[in-house]
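K.L.:
Note that UniProt numbering numbers the sequence shown so that position 504 is 504, with each residue one more than the last. Think of the CB as a built atom: it goes at the ideal place given N, C-alpha and C, for glycine as much as any other residue. Because the structure is a prediction, the values reported are computed rather than measured.
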Amino acid sequence: MVCSALEFLSIISQKTHYESYFIGEGVLQTIAQDVCVKNMQLRQEDLEMFEDEPIEFMKKDIEGTDSCTRRRGAIELVRALCRRFEERLVPILAQIVQSLCSDGEWMKLDVVYCLVTAIASKTETAKSGATSTSQLINVADYYAGQVRGHLSSNINETPILKTDALKFVVIFRNQLPAEVLVEVVQAADRLLTARLPILHKYAAYAIDKLLLVKEPNGTGPLLTARVVPVGSLLNNLVSGFDKDAKAQNSPYLIKAILRCVAILDEETARHGHQIASKLSSLVAEATKNPADAVHTHFLFETMCVLIRKTESLPDGGLDGELMPLIETILSQDIADLIPYALQITGWWDPSRLISTVSSWLMLYFQLLRTWFQMTQGVENPMTVLLNNMFRRVQFSKTPKFMKHFVVFLCRFAVVRGAELLAKSVEAIQAGMFRMLLEKVIVTELSGLQNMTTAEDKRTIAIGIANILADATNYVGDQYGALAVGVAQLVEAPSASDRPVLSPEEEQASMYNAEGEFTNPYCRLSYAPRPDPLVPEITNFKSRVAISKCTFCFK
Numbered sequence: 001m002v003c004s005a006l007e008f009l010s011i012i013s014q015k016t017h018y019e020s021y022f023i024g025e026g027v028l029q030t031i032a033q034d035v036c037v038k039n040m041q042l043r044q045e046d047l048e049m050f051e052d053e054p055i056e057f058m059k060k061d062i063e064g065t066d067s068c069t070r071r072r073g074a075i076e077l078v079r080a081l082c083r084r085f086e087e088r089l090v091p092i093l094a095q096i097v098q099s100l101c102s103d104g105e106w107m108k109l110d111v112v113y114c115l116v117t118a119i120a121s122k123t124e125t126a127k128s129g130a131t132s133t134s135q136l137i138n139v140a141d142y143y144a145g146q147v148r149g150h151l152s153s154n155i156n157e158t159p160i161l162k163t164d165a166l167k168f169v170v171i172f173r174n175q176l177p178a179e180v181l182v183e184v185v186q187a188a189d190r191l192l193t194a195r196l197p198i199l200h201k202y203a204a205y206a207i208d209k210l211l212l213v214k215e216p217n218g219t220g221p222l223l224t225a226r227v228v229p230v231g232s233l234l235n236n237l238v239s240g241f242d243k244d245a246k247a248q249n250s251p252y253l254i255k256a257i258l259r260c261v262a263i264l265d266e267e268t269a270r271h272g273h274q275i276a277s278k279l280s281s282l283v284a285e286a287t288k289n290p291a292d293a294v295h296t297h298f299l300f301e302t303m304c305v306l307i308r309k310t311e312s313l314p315d316g317g318l319d320g321e322l323m324p325l326i327e328t329i330l331s332q333d334i335a336d337l338i339p340y341a342l343q344i345t346g347w348w349d350p351s352r353l354i355s356t357v358s359s360w361l362m363l364y365f366q367l368l369r370t371w372f373q374m375t376q377g378v379e380n381p382m383t384v385l386l387n388n389m390f391r392r393v394q395f396s397k398t399p400k401f402m403k404h405f406v407v408f409l410c411r412f413a414v415v416r417g418a419e420l421l422a423k424s425v426e427a428i429q430a431g432m433f434r435m436l437l438e439k440v441i442v443t444e445l446s447g448l449q450n451m452t453t454a455e456d457k458r459t460i461a462i463g464i465a466n467i468l469a470d471a472t473n474y475v476g477d478q479y480g481a482l483a484v485g486v487a488q489l490v491e492a493p494s495a496s497d498r499p500v501l502s503p504e505e506e507q508a509s510m511y512n513a514e515g516e517f518t519n520p521y522c523r524l525s526y527a528p529r530p531d532p533l534v535p536e537i538t539n540f541k542s543r544v545a546i547s548k549c550t551f552c553f554k
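Okay, here's the thing in structure tokens:
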């Protein structure tokens, strides 16, 4: 009832018809003092949740799940009144703030944070914090007068005020100067050693958001390894997992680790094996006990960045720590982690994987749900790989699999050569390549016209062009059907390509309007995008035409 009443007041305060009810003598004073302030005060159940259920408290406090609470309703009422009666209301609220500050009680100072934030932040988003602020409140002055003192005091005293201070800086991170943000990151580093685990999570939350702040020209991060203690931050963040057994049930620590790893300089990156060791233990734990989905996603994002930062090191990067875990994920068929494992393996230098290629092929066959047994290794791995794919086509094909299978075959013809593709298929059974063209590629081409992106069409067109030009002896009577099919494919409208986003933008897009994490394809934003296939071919349609002529003259 109280929440509904607060929402009702917020709504009618915006209507011109009801303006006289609010501007009457003493009305705004009464609403501010007896309605807003009283409902902003923390209740006993809030304090108990802060102590006993820190993750739930944080979800309500910073993730917006408190939409039906008295405190949230009171904050929204202040914002609504400020939009309509700012010049009348702000002096009243300023007197209330001064009175609450003079008392010095931490619960009253907690209310002050709510009031100042509600007044100063006119609009805000989860991605950017406050996007427009009131001209009547100077957030930098409030930081200097109140926030700095709360962050610099004893790390184990007044923990709620410290969470308020961190949240205030996060909201106004784009309005505060860079030196203030550096100061707050250093304070957050100290708070990572506090007694209460909830302070570790709030500190990590602040680090995550502040390290994402861009320079005014938008060219790069405002805070770099030159101005923030990256080594100390990483040590304290990693230690947070040892201090709290439930740390993997929330994403705050791992997201902060990701931001720190992203700004590692070359010197600090030399100690990447220590971080990788901890990440490996977290992945190993995730293979045994399911962790928070967001935590798991950003754990693998962090691994991607760490691989990139350390791959040029003399000792060969992080293969030794991570490869056994990838094998475990694939061999145990851990469905939630397999997409991440495959994306990471696709990044590694193939020359470093020779010793494990046989076992990895075996794991891939298992993913295709086949029961092929390898005994003395793989003499012709491509023949074995293709044979298992054909089994999948024969017994359990799906439209999605067939699309990717055709793209794979055409990519093979481009990267490894059309003649090798034909010989590998013929090694399974004489005459099978012509059957593959007729029963699979030609048959599927018509259905792929509106299912494929522009890049898919390019791959298929160049692949078929290579088959026509370089595997002429195996094409036989399928030339006409291939030529017509590929011509119709390249002229058909393409399915939408994914927009190119920065890693930070892509991660932000993984949350829906309600703030829920939704990443059904488990795409890692820091995993490298594949290079364009044969970039020297600028006009693939011309390549198809030339291949047709080549076929005719052979």
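1) Anyone know if the C-beta pair for V305 and V261 falls short of 8 Å?
2) Compute the Euclidean distance between the alpha carbons of R83 and L100, then round it to the nearest angstrom.
3) What does the alpha-carbon distance come out to for the pair S424 and V294?
4) Using a Cβ-Cβ cutoff of less than 8 Å, which residues in the same chain neighbour N249 once the five nearest sequence positions on both sides are dropped?
5) When DSSP builds the beta bridges, which residues end up paired with P221?
6) Decide if H17 is buried, meaning its Cβ has at least 16 other Cβ atoms within 10 Å, or exposed.
7) A483 and Q449 look like a contact to me (Cβ under 8 Å); what is the Cβ gap, rounded to whole Å?
8) Roughly how many angstroms separate the alpha carbons of Q29 and A5, rounded to a whole number?
9) Can you name, in chain order, every residue of its own chain whose Cβ lies under 7 Å from the Cβ of A187, other than the five neighbours on each side?
10) Would E438 pass as a contact of M432 if the rule is Cβ separation under 8 Å?
11) Would a C-beta distance cut-off of 8 Å place I344 and M389 closer than the cut-off?
12) Please report the Cβ distance between M58 and K201, rounded to the nearest whole angstrom; I am assuming they are in contact, meaning their Cβ atoms lie under 8 Å.
13) Helix, strand or coil for S250, going by three-state DSSP, please let me know.
14) Can the beta-carbon of A206 be found closer than 8 Å to that of V170?
15) For a test of your reading of the model: does the CB of N450 fall under 7 Å from any non-hydrogen atom of the ligand MG? Yes or no.
16) Please state whether DSSP places S396 in a helix, a strand or coil.
17) Once the 5 residues before and after L337 are set aside, which same chain residues still bring their CB inside 6 Å of it?
18) Keeping to the same chain, check which residues put their C-beta closer than 7 Å to that of R92; ignore five residues upstream and five downstream.
19) How would you call I275, buried or exposed, if buried means at least 16 neighbouring beta carbons within 10 angstroms?
20) Compare the C-alpha of K309 against each of L264, V415, R72, P324 and name the closest.
21) Please list, in chain order, all residues of the same chain as W371 whose beta carbon is under 6 Å from its beta carbon, the five residues on each side excluded.
22) Can you give me the start and stop residues for the beta strand (DSSP E) that S132 sits inside?
23) Using 8 Å as the threshold, is the C-beta distance between V407 and I462 below it?
24) Can you list the alpha helix (DSSP H) stretches of 4 or more residues lying completely in the stretch 16 to 74, in chain order?
25) Based on the DSSP output, what are the partners of S121 in its beta bridges?
26) Output the distance between the C-alpha atoms of V2 and D244, rounded to the nearest integer angstrom.
27) In the DSSP assignment, the alpha helix (DSSP H) including M1 goes from what residue to what residue?
28) Which value, in whole angstroms, describes the spacing of the CA atoms of G480 and K214?
29) Are I75 and M40 close, meaning C-beta to C-beta below 8 Å?
30) Are the CB atoms of L223 and R173 nearer to each other than 8 Å?
31) Can you list, in chain order, the residues of its chain whose CB lies under 7 Å from that of V185, leaving out five sequence neighbours each side?
32) In chain order, what residues of the same chain lie with their CB nearer than 6 Å to the CB of F298, ignoring the 5 residues before and after it?
33) Using beta-carbon positions only, say whether L322 and S280 come within less than 8 Å of one another.
34) Check whether the Cβ atoms of L445 and V486 sit closer than 8 Å, and answer yes or no.
35) Here's a check: name, in chain order, each residue in its chain whose Cβ is nearer than 7 Å to the Cβ of residue 563, leaving out the five neighbours to either side.
P.N.:
In short, the structure shows the following:
1) Counting from 1 along the sequence shown, the entry for residue 305 is found at position 305. Counting from 1 along the sequence shown, the entry for residue 261 is found at position 261. Yes, the pair counts as a contact, with Cβ atoms nearer than the cut-off.
2) As a position in the sequence shown, residue 83 is number 83, starting the count at 1. As a position in the sequence shown, residue 100 is number 100, starting the count at 1. The straight-line gap from Cα to Cα measures roughly 23 Å.
3) To locate residue 424, count along the sequence shown from 1; it is residue 424. To locate residue 294, count along the sequence shown from 1; it is residue 294. If I take the Cα positions, the gap works out to 42 Å.
4) Position 249 of the sequence shown, counted from the start, is the residue given in the question as residue 249. Within the same chain, N249 has close Cβ partners I55, A291, D292, H295.
5) Reading the sequence shown from its first residue, position 221 is the one you call residue 221. Partner(s): K214.
6) Here residue 17 is taken as the residue at index 17 of the sequence shown, counted from 1. Exposed, because fewer than 16 other Cβ atoms sit within 10 Å of the Cβ of H17.
7) One-based indexing of the sequence shown puts residue 483 at position 483. One-based indexing of the sequence shown puts residue 449 at position 449. Not confirmed; about 15 Å, so no contact.
8) Within the sequence shown, numbered from 1, the residue matching residue 29 stands at position 29. Within the sequence shown, numbered from 1, the residue matching residue 5 stands at position 5. Near 18 Å, if we compare the C-alpha coordinates of A5 and Q29.
9) Position 187 of the sequence shown, counted from the first residue, corresponds to residue 187. Within the same chain, A187 has close Cβ partners L151, S152.
10) Residue numbering aside, residue 438 sits at position 438 when the sequence shown is read from its first letter. Residue numbering aside, residue 432 sits at position 432 when the sequence shown is read from its first letter. Contact flag unset, no.
11) The residue you call residue 344 lines up with position 344 of the sequence shown. The residue you call residue 389 lines up with position 389 of the sequence shown. No.
12) For the purposes of this step, residue 58 is identified with residue 58 of the sequence shown, where counting begins at 1. For the purposes of this step, residue 201 is identified with residue 201 of the sequence shown, where counting begins at 1. With 8 Å as the limit, M58 and K201 qualify as a contact, their Cβ atoms being about 6 Å apart.
13) As a working mapping, residue 250 is identified with position 250 in the sequence shown. In the structure shown, S250 sits in coil (DSSP, three-state: anything other than H, G, I, E or B).
14) One-based indexing of the sequence shown puts residue 206 at position 206. One-based indexing of the sequence shown puts residue 170 at position 170. The answer is yes: Cβ separation under 8 Å.
15) Annotation note on the ligand MG: not contained in the displayed structure, which lists no ligands.
16) Reading the sequence shown from its first residue, position 396 is the one you call residue 396. Three-state result, S396: helix.
17) Taking the first residue of the sequence shown as 1, we reach residue 337 at position 337. Excluding positions up to five away in sequence, the list reads I329.
18) By one-based count along the sequence shown, residue 92 stands at place 92. Note that residue 92 is Ile in the sequence shown, not Arg. So the list reads L28, Q29, A32, once near-sequence residues are dropped.
19) Mapped onto the sequence shown, residue 275 falls at position 275. Its Cβ being crowded by 16 or more others within 10 Å, I275 is buried.
20) The residue you call residue 309 lines up with position 309 of the sequence shown. Checking every option, the nearest Cα to that of K309 belongs to L264.
21) Counting from 1 along the sequence shown, the entry for residue 371 is found at position 371. With a pLDDT of only 37 at W371, under the threshold of 50, the placement of this residue in the model should not be trusted; the figure read from the coordinates follows. Result list for W371: empty, nothing under 6 Å.
22) As a first step, residue 132 is located in the sequence shown; it is residue number 132 there, counting from the start. That run of the beta strand (DSSP E) goes 129 to 133.
23) Here the question's residue 407 lines up with position 407 in the sequence shown. Here the question's residue 462 lines up with position 462 in the sequence shown. It is not a contact, given that the beta carbons lie outside the stated cut-off.
24) 19 to 23, 27 to 30, 44 to 52, 54 to 62
25) As a working note, residue 121 is residue 121 in the sequence shown. Answer by DSSP bridge pairing, in chain order: T133.
26) Within the sequence shown, residue 2 is the residue found at index 2, counting from 1. Within the sequence shown, residue 244 is the residue found at index 244, counting from 1. Roughly 36 Å between the two C-alpha positions.
27) Working through the sequence shown from its first residue, we reach residue 1 at position 1. Premise fails: M1 is in no alpha helix (DSSP H) and is neither H nor E.
28) What you label residue 480 is simply residue 480 of the sequence shown in a count that begins at 1. What you label residue 214 is simply residue 214 of the sequence shown in a count that begins at 1. Computed Cα separation, rounded: 56 Å.
29) As a working mapping, residue 75 is identified with position 75 in the sequence shown. As a working mapping, residue 40 is identified with position 40 in the sequence shown. In this structure, M40 lies closer than 8 Å to I75 by Cβ.
30) Reading the sequence shown from its first residue, position 223 is the one you call residue 223. Reading the sequence shown from its first residue, position 173 is the one you call residue 173. Against a cut-off of 8 Å, the Cβ pair of R173 and L223 comes out as no contact.
31) By one-based count along the sequence shown, residue 185 stands at place 185. Closer than 7 Å at Cβ, skipping near neighbours: I207, L210, L223, V228.
32) One-based indexing of the sequence shown puts residue 298 at position 298. Taken in chain order, the residues that qualify are P251, I254, K255, L258.
33) Along the sequence shown, read from residue 1 onward, the residue named residue 322 stands at position 322. Along the sequence shown, read from residue 1 onward, the residue named residue 280 stands at position 280. A contact, by the Cβ cut-off of 8 Å.
34) Against the sequence shown, residue 445 aligns to sequence position 445. Against the sequence shown, residue 486 aligns to sequence position 486. In this structure, V486 lies closer than 8 Å to L445 by Cβ.
35) Lying before the first or after the last residue shown, residue 563 is absent from the chain, which here runs from 1 to 554.
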